[in-house]
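There are 2 protein chains.
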Amino acid sequence: VTCVACHGQEGIAAAPQWPNLAGQHASYLTVALEQYKDGSRVDLVMNPLMLPLDDAAIEELAAFFASQPHLHNTAQ
Amino acid sequence: VTCVACHGQEGIAAAPQWPNLAGQHASYLTVALEQYKDGSRVDLVMNPLMLPLDDAAIEELAAFFASQPHLHNTAQ
Numbered sequence: 061v062t063c064v065a066c067h068g069q070e071g072i073a074a075a076p077q078w079p080n081l082a083g084q085h086a087s088y089l090t091v092a093l094e095q096y097k098d099g100s101r102v103d104l105v106m107n108p109l110m111l112p113l114d115d116a117a118i119e120e121l122a123a124f125f126a127s128q129p130h131l132h133n134t135a136q
Numbered sequence: 061v062t063c064v065a066c067h068g069q070e071g072i073a074a075a076p077q078w079p080n081l082a083g084q085h086a087s088y089l090t091v092a093l094e095q096y097k098d099g100s101r102v103d104l105v106m107n108p109l110m111l112p113l114d115d116a117a118i119e120e121l122a123a124f125f126a127s128q129p130h131l132h133n134t135a136q
């Protein structure tokens with residue numbers, strides 16, 4: 061829910077400093093979120109956001125964004 | 061050139077542990093590559109690959125992958 065403020069309801073980021081997540085591989089997203097949670101990937105926003113999430117919640121978020129359809133050329 | 065072995069010629073990753081880069085925001089990709097270069101983002105493959113690249117080369121790579129059109133639903 062907080063995710064969409066930066067990454068968009070459909071995984072297309074609201075501003076170019078944040079990554080689009082739509083159609084990203086779920087397994088890549090899962091690893092990224094796990095790394096934010098354990099601190100091995102550092103981001104001042106993402107690190108604290110992941111702390112309360114368990115594995116199931118992380119996998120659910122990854123699956124959600126992976127399943128969002130791409131929009132063409134939004135990043136250009 | 062080495063990039064495409066994992067991330068695909070058009071930015072669609074060859075396997076789900078690697079991120080798709082097609083249509084990702086160029087400014088996000090630039091920051092990611094700079095972080096891999098300076099070691100603030102850790103990845104055993106990406107860190108050494110970035111060492112020889114200067115700012116112009118990093119921006120060129122980011123712009124290339126950002127400009128690749130998305131393919132629909134490749135990640136599902």
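Taken in order, these protein sequences are the chains called V and W.
61 is the number of the first residue of the first sequence in our numbering; add one for each residue after it.
61 is the number of the first residue of the second sequence in our numbering; add one for each residue after it.
Ideal placement from N, C-alpha and C gives every residue a C-beta, glycine not left out.
Computed from a predicted model, the values in this text were never measured in an experiment.
Cα separation between residue i and residue j?
i, j, result
"W:Q128", "W:G83", "6 Å"
"W:A117", "V:H85", "26 Å"
"V:L93", "W:H130", "23 Å"
"W:L113", "V:L111", "34 Å"
"V:A126", "W:D115", "31 Å"
"W:K97", "V:G71", "27 Å"
May I ask which residues mark the beginning and end of the alpha helix (DSSP H) holding residue i?
i, result
"V:H67", "C63 to H67"
"W:E70", "No alpha helix (DSSP H) contains W:E70, which DSSP labels as neither H nor E."
"W:L121", "D115 to A126"
"W:S100", "First-last for W:S100: undefined, no H or E at that position."
"V:L109", "M106 to M110"
Applying the criterion that 16 or more other CB atoms from any shown protein chain within 10 Å of the CB defines a buried residue, is residue i buried or exposed?
i, result
"V:T138", "What the structure shows of chain V is the stretch from 61 to 136, and residue 138 of chain V is not part of that stretch, so it cannot be assessed."
"V:L104", "exposed"
Please state the DSSP three-state secondary structure of residue i.
i, result
"V:A31", "Look at the range of chain V in this structure, 61 to 136, and you will see that residue 31 of chain V is not part of it."
"W:Q84", "coil"
* What residues in the segment 73-88 of chain W have a beta carbon less than 9 Å from any beta carbon of chain V? -> If you check each beta-carbon in the segment 73-88 of chain W against every beta-carbon of chain V, the ones closer than 9 Å belong to A73, A75, P76, Q77, W78, P79, N80, A82, G83, Q84, H85, A86, S87 and Y88.
* Between the segment 95-111 of chain V and chain W, which residues of the former have a C-beta closer than 8 Å to a C-beta of the latter? -> Answer set for the segment 95-111 of chain V: S100, R101 and V102.
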